[in-house]
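So the number in my numbering is just where the residue sits in the sequence shown, counting from 1, plus 357.
Below is one structure, written out as structure tokens, with a few remarks after it.
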Amino acid sequence: MSHELIIRPEAEEEMRESFAWYEDRFSGLGSEFLLCIDAIFNAILRNPRQFPEVHRNVRRALSRRFPYEVFFILDDQRIIVLGVFHAKRNPKIWKERTN
358 MSHELIIRPE
368 AEEEMRESFA
378 WYEDRFSGLG
388 SEFLLCIDAI
398 FNAILRNPRQ
408 FPEVHRNVRR
418 ALSRRFPYEV
428 FFILDDQRII
438 VLGVFHAKRN
448 PKIWKERTN
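Structure below.
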């Protein structure tokens with residue numbers, strides 16, 4: 358079954374901010390970050406249940422290259438990305454998005 362991938366505006370903004378931060382550090386690194394996140398999205402689309410539930414039906418996919426986590430909810434037809442977070446950020450932020 359294929360799911361529709363929906364990226365919440367907050368998650369899109371987090372990706373833009375992270376891209377800019379990495380790009381400021383080293384030219385091209387921001388693009389590598391986005392490619393890594395895109396690969397995570399593709400893995401989620403292929404098999405969303407491979408990623409563990411971490412809180413109230415929220416699943417987490419980890420980046421191998423960058424210290425980032427993608428939090429998402431899976432329902433019958435959609436995958437909703439709640440956030441793309443640096444691993445050191447306060448988890449309270451993404452948990453509030455589950456309400």
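Every residue, glycine too, gets a C-beta built ideally from N, C-alpha and C.
None of the values given here were measured: they were computed from a predicted structure.
Around the beta carbon of PHE428, 16 or more other beta carbons lie within 10 angstroms, which makes this residue buried. Only residues of its own chain outside the window of five on either side were considered, and among them VAL438, GLY440, VAL441 have a CB closer than 6 Å to the CB of ALA368, listed in chain order. Counting along the chain, the unbroken alpha helix (DSSP H) around GLY387 starts and ends at 386-403.
In this structure, THR455 and VAL411 do not form a Cβ contact; the two beta carbons are roughly 11 Å apart against a cut-off of 8 Å. About 6 Å separates the CB atoms of ALA418 and ILE401; that is less than 8 Å, so the two are in contact. Residue pairing by DSSP places ILE363 opposite ILE437 in a beta bridge.
For ALA418, the beta-bridge partners assigned by DSSP are VAL427. Its chain contains MET372, PHE376 as the residues whose beta carbon lies nearer than 8 Å to that of LEU391, once the 5 sequence neighbours on both sides are disregarded; these appear in chain order. Secondary-structure assignment with DSSP links PHE376 through no beta bridge to anything. Between ARG435 and GLU361, the C-beta gap is smaller than 8 Å, which places the two residues in contact.
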